[in-house]
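Right, one structure below, let's go through it.
Number of protein chains: 2
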Amino acid sequence: MEYTVQKLGKLAGISTRTLRYYDEIDLLKPARVSSSGYRIYGTKEVDRLQVILFYRELGMSLDEIKRIVRDPLFDRKQALIEHRMRLVDQRRQLDQLISNVENTIAFSEGRITMTDKDKFVGFKQQMVHENEQKYGEEIREKYGDEAIDQANQKVMDMTPEEHARVTQLADEIKAALAQAMQTGDPASDLAQKAAALHKQWLMFYWNEYSKEAHAGLAQMYVDDERFKAHYDQQQEGTAEFLRDAIHLFTGVKK
Amino acid sequence: MEYTVQKLGKLAGISTRTLRYYDEIDLLKPARVSSSGYRIYGTKEVDRLQVILFYRELGMSLDEIKRIVRDPLFDRKQALIEHRMRLVDQRRQLDQLISNVENTIAFSEGRITMTDKDKFVGFKQQMVHENEQKYGEEIREKYGDEAIDQANQKVMDMTPEEHARVTQLADEIKAALAQAMQTGDPASDLAQKAAALHKQWLMFYWNEYSKEAHAGLAQMYVDDERFKAHYDQQQEGTAEFLRDAIHLFTGVKK
DNA sequence: ATAATGCCTTCCGTAACGTCAAGGTCAATG
DNA sequence: CATTGACCTTGACGTTACGGAAGGCATTAT
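Sequence order for the protein chains is A and B.
When we follow full-length UniProt numbering, the leftmost residue of the first sequence carries the number 1, and every step to the right adds one.
When we follow full-length UniProt numbering, the leftmost residue of the second sequence carries the number 1, and every step to the right adds one.
Here's what the structure looks like:
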C-alpha cells in the first residue's frame, strides 16, 4: 500500500503540513519520491508514524521522539521515566501558580485579612531598618539623611499592588529555599536564585543596595531569634542556609 | 529617581532585552528618551513594571497583562478568575498525560497483565469483523476478498507499538467522550473530536474507510447489549451519544 | 480540453525573549 | 586629551511545532 501526503494525513489524523515538517526535520522521511517530486509513503512509514504519534500524545518533544524512533535499541523506558519526571515537575509548578492566583483572588475579595502576614511584614521592615542603621553609615555619608528618610517613606507609601508584589516575592523566596534545601548546597543554582530573589525583595525596602549590607542582614537572620524561628519554621537550618547562599551571592564573607 | 535599562533591570531582576521588548510591544514605555536615544524610566514606570511582573509570575500572557495594566478600570478579578480556569484546565490535561505515561511505563515493565483489556480488544475485533461482514459487501465487490483478508491479517499482525497506539486512541476517545457528555451536545467540538478519534481508531482495523460502515458500526454500539454496557460503564447514555456524534460526523443518518 | 484537485517549495507568523553583531555614547583613567 | 571600558542603540536570527498563504507544476475527472 502506498500513500501520498493527504492519504496518510487522513489515515493518521494529521495535516499535510505536519508530514512535510516531519520530513524536513528528518523525523519521518517518505519511502520514496516520485518523478514529479511527490512524497510516497509505504506501510513501514505508516507504522513509524503511529509510533511517533503515540509518543507525541504523551507530550514528548519531537526531538526526544526522534531519538526514540531513530534506533530500536534506545532505552524507551528510561526516556519515559525521565519524561514523567519533567511532567510531574511541571505539575508542581502549575499547582504553585494556581495557589498563588487563588490567593490573589481571595485577597481582592477581602477574604484574607492579612493581619498575620502584615504583622510579620511590619516586623521585617523594622529589622531591615535596624540593619540599615547598622550598616548604612557609608550610605548615609554618601547620600545624606534625606535619602534614608525617603526610603522609609517609600515603605509607608507602598501601593496595594507593590505590596502584593512584595508578598509574592517573599513566597517565591520561600519556595526556592525549600527546594534548594534539598540539594543542601548554598552554591546551587536554586539557592543562588533564592538569594537573587531576596535581593529583589530587599529593593522594595532599600533605596540603595550594597553587598555588605545584604550580607550583614543575612548574618542577622541567624543571630536574631525571631528571624531564625521564622525561617526555620518549615525546615531546620533554613536561616543558616539562606545566610550562606547570600554570602556566596554577594561575595562577602563575615 | 531616573533609571537606564540596566539600572531598572537590576532593580527588577530582568534583562535589558526584556525591557526593550516590553517597549517594543507597548507594554512598558520609558518615561522619556534622552537626546542620544537612551531609554529613561521614572518611578512611575518602576511601579508599573512591578505590577507587570506580579501578573507575569502568575503565569499570565503579556497580552493579557497589557489589557490589565492599560486601564485601571479593567476588571482584574474577573481576569484572574478566567486565568485560574485556564490553569486548572491545563493541570487536568497534565494529569491525564502523567497518567498515560505511567500506564505506558507500567506496561513496559509487564506490570499490567492486559488480560482484561485484551479480552475486550479481542471482543471488539470480533465485532468489527462481524460489522464488516454486514456492511462490507460493497467494499468486497469493490476490492475483492483479498483486501478483506488482508485487513484481517493486519489486525493479527499488529506490533506491540501499534497495539499501544490503539489502546492510547481508545483512552483518548473515552476521555473526550466523558468531557463531551457534559456539554450534552453531540455536535460540539469535543464530541466531534471524539468521533474523529474513533475513526482513527477504526483505521487500525479497517483497510478501507466508508462513512456508511462507520455510521452502521455506531448504530450497533447502541443495539448490541455488550457494546452498550461497555460504553455506558462510566456514564449512562454514552453509547447513544457516541452514535449521534458519529452520525453527525459522517453525515450519514439511519 | 478544461476545470478541479493535489502536490511542490518558499516564506511569514506565533510567545517571549536570548544571543550575537555592528556601531554610537558616556565617564573615568593614564 | 585620547583612549579604554562600560553602557547604550537597532537589527536580525534562533527557539517549538506547526498554520496559512502565495505561486506554480502534476494528476485526475468531467
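In this text, a Cβ means the ideal position worked out from N, Cα and C, and glycines have one as well.
Interface flag for residue 104 of chain A against chain B is set, since a Cβ pair is found closer than 8 Å. Chain A places no beta carbon closer than 8 Å to that of residue 181 of chain B, leaving this residue out of the contacts.
Contact note: residue 196 of chain B reaches chain A through 13, using a C-beta cutoff of 9 Å and chain order. Non-local C-beta neighbours of residue 29 of chain A in its own chain, meaning closer than 7 Å and more than five positions away in sequence, comprise 23, ordered along the chain.
Look at residue 108 of chain B: its C-beta is under 8 Å from a C-beta on chain A.
With 16 or more neighbouring CB atoms inside 10 Å of its own CB, residue 217 of chain B falls in the buried class. Looking only at B:1, B:57, B:10 and B:34, the smallest Cα-Cα distance to residue 172 of chain A is reached by B:57. Nearest C-alpha to residue 48 of chain B among B:236, B:2, B:13 and B:69: B:69. Within chain A, the residues whose beta carbon sits less than 7 Å from that of residue 59 of chain B are 97, listed in sequence order.
The beta carbon of residue 252 of chain A does not come within 8 Å of any beta carbon belonging to chain B, so the residue lies off that interface.
Runs of alpha helix (DSSP H) with 4 or more residues, each lying fully within the segment 73 to 112 of chain B, are found at 76 to 108, listed in chain order.
Nearest CB-CB separation between residue 39 of chain B and chain A: not below the 8 Å threshold.
Inter-segment contact for the segment 235 to 250 of chain B and the segment 193 to 203 of chain B is present: three or more beta-carbon pairs are separated by less than 8 Å. DSSP places residue 241 of chain B in the uninterrupted alpha helix (DSSP H) bounded by 238 to 250. With contacts defined by Cβ atoms closer than 8 Å, residue 53 of chain B and residue 165 of chain A form a contacting pair.
Note on residue 231 of chain A: 16 or more other CB atoms within 10 angstroms of its CB, so buried under the neighbour-count rule.
Residue-level contact by beta carbon fails for residue 5 of chain A and chain B, as no gap is shorter than 8 Å. With a 10 Å radius around the Cβ and a threshold of 16 neighbouring Cβ atoms, residue 63 of chain A comes out exposed. Fully contained in the UniProt domain "HTH merR-type" (1 to 71) of chain A are the following alpha helix (DSSP H) runs of length 4 or more, in chain order: 5 to 12, 16 to 24, 43 to 57 and 62 to 70.
For residue 56 of chain A, the nearest beta carbon of chain B is not closer than 8 Å to its own beta carbon.
Judged by beta-carbon spacing, residue 19 of chain A lies within the 8 Å limit of residue 8 of chain A, meaning their Cβ atoms are closer than that value.
In the three-state DSSP reduction, residue 234 of chain A falls in the coil class, being neither helix nor strand. Taking residue 240 of chain B as reference, the option from B:21, B:184 and B:167 with the minimal CA-CA separation is B:184. Here the alpha carbons of residue 77 of chain A and residue 26 of chain A stand approximately 23 Å from one another.
Neighbours of residue 83 of chain B across chain A, judged by C-beta separation under 7 Å: 101. By the beta-carbon neighbour count (other beta carbons within 10 angstroms, threshold 16), residue 74 of chain A is exposed. Taking all protein chains in view, the Cβ of residue 186 of chain A is crowded by 16 or more other Cβ atoms within 10 Å, so the residue is classified as buried.
Taking C-beta separations shorter than 7 Å and ignoring five residues to either side along the sequence, the partners of residue 181 of chain B in its chain run 235, 238 and 241, following chain order. If you draw a straight line from the Cα of residue 32 of chain A to the Cα of residue 2 of chain A, it comes to about 10 Å. In terms of Cβ geometry, residue 245 of chain A and residue 170 of chain A do not form a close pair [threshold 8 Å]. Contact note: residue 90 of chain B reaches chain A through 94, using a C-beta cutoff of 8 Å and chain order. Annotated three-state conformation of residue 201 of chain A is helix, per DSSP. When only Cα atoms are considered, residue 221 of chain A and residue 51 of chain A end up about 55 Å apart. Each residue's CA atom was taken as its position, placing residue 108 of chain B and residue 79 of chain A some 12 Å apart. Listed along chain A is no residue with a C-beta nearer than 8 Å to that of residue 192 of chain B; the closest approach is about 13 Å.
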